[in-house]
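In terms of numbering that gives the first Met the number 0, the sequence shown opens at residue 0 and continues consecutively. The C-beta atom is built at its ideal place from N, Cα and C for all residues, glycine as well.
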Amino acid sequence: MISLVPVDVGKPTVKLAKTPILEGTCTWENPVYETVKLVKETKTGRIREKFYYVVVSTEKDALKAECEQLKSSLKCKNEAAASVPVQKETENLRSPLENIKQELQREKQLNKKLKSNLQKTEDSNSEFVLAMRDLSKKLDQKNTEISRLSTKIKDFYSGSEALAVSPRTTMNGNEGSKAPEDLDSKHGNADETEKLKLKIEQLYSEIEVHKKEKAEIQMDLERLTLDYGILETENNDIYSKLEHNEKENMEIQQNYTGSLAIEKQLKLRIASLEAENKRQALQYSESLNMIDELEFQVESLQKELENQTQAFEGDLEAVAEAKNMQEQRAIRAEEALRKTRWSSANAAERLQEEFRQVSAEMTLKIEESDKLAQKAVAEADDLHQKNEVLEELLQKAEEELQTTRNQYDIILGEYQQQKEKVSRDESEQMKTTTEESVSLQRWKLEKDDLERQLASVRKEAEKIMQDNVSMKSQMDQKKTKEENLHLEVKKLRIKNNEVKNHLLELEVEKEDLKKEMSKLRNVLRKKEQEQEKAALQNSATSQMKEKNLKYNTKQVGSNMTTTRIAAGLTEQLEQETAPAQDRNSLVFQGRQNKGKNIKGAEMRVLENLPLQKSGQPGGDFDVSNLLSEVASLKERNGSMEEELKEMHERYSEISLKFAEVEGERQQLVMSLRNLKSGKKN
Numbered sequence: 000m001i002s003l004v005p006v007d008v009g010k011p012t013v014k015l016a017k018t019p020i021l022e023g024t025c026t027w028e029n030p031v032y033e034t035v036k037l038v039k040e041t042k043t044g045r046i047r048e049k050f051y052y053v054v055v056s057t058e059k060d061a062l063k064a065e066c067e068q069l070k071s072s073l074k075c076k077n078e079a080a081a082s083v084p085v086q087k088e089t090e091n092l093r094s095p096l097e098n099i100k101q102e103l104q105r106e107k108q109l110n111k112k113l114k115s116n117l118q119k120t121e122d123s124n125s126e127f128v129l130a131m132r133d134l135s136k137k138l139d140q141k142n143t144e145i146s147r148l149s150t151k152i153k154d155f156y157s158g159s160e161a162l163a164v165s166p167r168t169t170m171n172g173n174e175g176s177k178a179p180e181d182l183d184s185k186h187g188n189a190d191e192t193e194k195l196k197l198k199i200e201q202l203y204s205e206i207e208v209h210k211k212e213k214a215e216i217q218m219d220l221e222r223l224t225l226d227y228g229i230l231e232t233e234n235n236d237i238y239s240k241l242e243h244n245e246k247e248n249m250e251i252q253q254n255y256t257g258s259l260a261i262e263k264q265l266k267l268r269i270a271s272l273e274a275e276n277k278r279q280a281l282q283y284s285e286s287l288n289m290i291d292e293l294e295f296q297v298e299s300l301q302k303e304l305e306n307q308t309q310a311f312e313g314d315l316e317a318v319a320e321a322k323n324m325q326e327q328r329a330i331r332a333e334e335a336l337r338k339t340r341w342s343s344a345n346a347a348e349r350l351q352e353e354f355r356q357v358s359a360e361m362t363l364k365i366e367e368s369d370k371l372a373q374k375a376v377a378e379a380d381d382l383h384q385k386n387e388v389l390e391e392l393l394q395k396a397e398e399e400l401q402t403t404r405n406q407y408d409i410i411l412g413e414y415q416q417q418k419e420k421v422s423r424d425e426s427e428q429m430k431t432t433t434e435e436s437v438s439l440q441r442w443k444l445e446k447d448d449l450e451r452q453l454a455s456v457r458k459e460a461e462k463i464m465q466d467n468v469s470m471k472s473q474m475d476q477k478k479t480k481e482e483n484l485h486l487e488v489k490k491l492r493i494k495n496n497e498v499k500n501h502l503l504e505l506e507v508e509k510e511d512l513k514k515e516m517s518k519l520r521n522v523l524r525k526k527e528q529e530q531e532k533a534a535l536q537n538s539a540t541s542q543m544k545e546k547n548l549k550y551n552t553k554q555v556g557s558n559m560t561t562t563r564i565a566a567g568l569t570e571q572l573e574q575e576t577a578p579a580q581d582r583n584s585l586v587f588q589g590r591q592n593k594g595k596n597i598k599g600a601e602m603r604v605l606e607n608l609p610l611q612k613s614g615q616p617g618g619d620f621d622v623s624n625l626l627s628e629v630a631s632l633k634e635r636n637g638s639m640e641e642e643l644k645e646m647h648e649r650y651s652e653i654s655l656k657f658a659e660v661e662g663e664r665q666q667l668v669m670s671l672r673n674l675k676s677g678k679k680n
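Structure, rendered in structure tokens:
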């Protein structure tokens with residue numbers, strides 16, 4: 000932007016519009032014209048000079064940078080802490096502004112004095128010029144008079160010489176005749192000469208006077224010329240000083256306009272900051288009240304937490320005692336299971352030896368029956384009839400076996416699914432110690448029932464083996480069935496091993512989860528310690544930091560409680576997961592042992608069913624017992640599924656609580672970071 004500033008006015012009279020600078024040049028479509036009025040002085044006839052300043056101004060990036068710096072500093076600083084330094088800045092700026100105003104007034108007064116002195120010097124110069132003109136006119140007149148007098152004197156001398164010559168010639172020619180006339184003329188000439196001498200003397204005296212006056216006038220002229228030169232140099236110095244002062248005045252006016260704008264902005268900022276100070280004072284009073292309330296709430300919460308910690312410690316002691324009891328019970332149960340396994344293995348070996356003996360006896364009896372075949376021809380028909388009846392019974396038994404196998408496969412599939420569900424949700428199972436004790440007692444009762452059933456089955460098997468020695472065809476069928484059942488047992492063992500491997504993997508995952516839980520608990524404890532340190536530091540700081548604390552006290556109080564609750568939950572989770580893991584391992588071992596016992600019992604029953612039906616009519620009763628046991632197993636599986644569902648729901652609730660605690664922990668971390676940044680600022 001270009002502005003035209005007259006020196007005598009001191010303000011821009013014409014301004015051009017703002018235009019962008021393109022490649023170092025600016026162009027204006029609409030030029031502006033300024034008319035200049037020139038004033039002629041009446042005394043001297045000179046035209047007064049008129050000076051103009053052409054001011055080229057551009058938008059400064061420094062101001063923008065300062066504005067951005069001010070904005071960033073205002074954003075970074077707290078609103079409360081910003082009021083005091085701004086007031087100091089305004090006070091510091093007011094003093095130089097007042098100094099600038101005083102300097103401006105002084106410069107204006109100096110300019111006025113210099114202008115008046117200039118006017119006086121110009122007037123004195125004009126008077127001096129007029130006096131010089133008068134003196135030059137007088138000198139000319141005196142010179143003319145002196146020249147006139149000198150001509151007169153010359154004429155007089157020439158006339159006197161002519162008169163002196165003329166009487167001499169007349170005396171030589173007329174000496175004798177004109178003697179008396181000569182005497183008279185001599186007397187007359189003498190008088191005239193005297194008069195002329197007197198006039199000459201007077202003229203000489205006048206000439207000397209005029210010469211003296213001329214010398215004095217020349218001295219005055221020289222003195223006036225010297226004074227004129229001195230005045231001209233002084234005038235030039237005054238003009239240069241005036242121009243310098245006018246430039247300084249222009250610069251001061253420009254700075255003054257800029258400082259006025261800055262002063263207005265600072266006044267507006269002061270007003271806004273005063274309003275903010277009032278608002279912050281109200282907020283500070285409110286925050287003090289809130290802090291008192293929060294302190295009271297924190298004290299009450301601390302008391303509640305102490306009570307809860309005491310109760311929790313008591314619960315922990317009770318849980319630890321119950322855990323020890325459960326561990327002892329589990330050890331006892333494992334020992335009992337080992338004993339039952341050992342006894343079942345011994346019983347199986349005994350049964351195998353008895354089976355070998357029976358097979359040897361059967362071979363001997365078959366040989367005897369071959370020898371006595373001729374004698375038993377009559378009995379063969381009866382045996383054929385009995386065989387037909389037995390075949391029908393065998394078909395029925397096979398059908399029942401098929402149905403029981405199908406049911407058993409279904410049960411095994413359901414049991415496998417339950418095992419998979421349990422293996423998936425094993426990390427999510429959390430039961431109380433009372434439920435564990437009830438389940439262990441229930442498993443013991445079931446184990447006792449199974450042992451009783453096994454004893455009864457063994458007795459019935461021994462009876463069936465003694466009654467059905469003479470059936471070779473049935474033995475062949477039995478062998479085929481035994482092979483099939485052995486294959487199925489192998490398959491079930493393979494599946495059982497897979498389940499065991501899966502359980503081991505789950506235990507490894509549980510250990511990893513325990514490690515993660517311990518890490519989380521350590522992190523939460525560290526955060527609690529950092530938060531307590533921050534709270535102590537904030538209580539020791541000044542009122543300005545207390546203003547920042549008012550926005551975060553609520554969050555800090557809630558986060559303190561949430562972190563402590565989270566720590567308690569994590570400890571409770573770990574304390575519950577540890578017995579739950581032991582409990583689950585015991586339960587699964589019991590289930591596996593129980594499944595093995597049930598499978599062994601079912602295999603023995605199925606192996607001995609055809610023999611029992613061929614030898615005794617009470618086989619239907621054993622089948623009904625087996626079906627009732629299968630039904631009871633289904634009911635137990637259903638109850639286990641319900642327990643697993645309850646455990647899953649409980650684990651989902653705990654996971655939700657843990658997620659809430661994690662979110663609150665993150666909020667707490669953010670609030671701590673904000674507090675640290677506030678302290679740094």
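Check whether residue i and residue j have beta carbons under 9 Å apart
i	j	result
Val668	Lys526	yes
Trp27	Leu15	yes
Lys246	Tyr52	yes
Val49	Val6	Sequence inspection shows Lys at residue 49; the Val mentioned does not correspond to that position. Contact: yes.
Glu510	Leu671	no
Glu97	Asn244	no
Ile20	Leu113	no
Val54	Ile99	no
Lys39	Asp122	no
Leu117	Asn234	yes
Arg664	Val522	yes
Nonlocal neighbours in the same chain, by C-beta distance under 8 Å from residue i, ignoring five residues either side
i	result
Thr12	Leu3, Val4, Pro5, Glu33
Leu103	Asn248, Ile251, Gln252, Tyr255
Glu151	The sequence as given places Lys at residue 151; Glu does not occur at that position. Excluding positions up to five away in sequence, the list reads Leu202.
Assigned secondary structure, residue i (DSSP; H/G/I helix, E/B strand, else coil)
i	result
Val13	strand
Lys49	coil
Thr232	helix
Val31	coil
Lys656	helix
Leu21	strand
Val8	coil
Leu486	helix
Val38	coil
Ser613	Reliability fails at Ser613, whose pLDDT of 40 lies under 50, so the model's placement of it is uncertain and the value that follows must be treated cautiously. In the structure shown, Ser613 sits in a helix (DSSP, three-state: H, G or I).
Lys549	Annotation note: pLDDT 46 at Lys549 (below 50); position unreliable, coordinate value reported separately. Here Lys549 sits in coil by DSSP.
Residues of its chain near residue i, where Cβ-Cβ distance is below 7 Å and the 5 sequence neighbours each way are ignored
i	result
Ala335	none
Lys10	Val4
Cys25	Thr18
Residues of its chain near residue i, where Cβ-Cβ distance is below 6 Å and the 5 sequence neighbours each way are ignored
i	result
Leu315	none
Thr339	none
Asn500	none
Open item on the list: Would you call the segment 211-218 in contact with the segment 137-156, where contact means no fewer than 3 C-beta pairs closer than 8 Å?
Closed with: yes
- [ ] Specify whether the segment 266-286 and the segment 139-154 touch according to this definition: at least 3 beta carbon pairs, one from each stretch, less than 8 Å apart.
- [x] no
Open item on the list: Measuring CB atoms only, is the segment 145-153 touching the segment 200-210, in the sense that at least three cross pairs come out at less than 8 Å?
Closed with: Segments in contact, yes.
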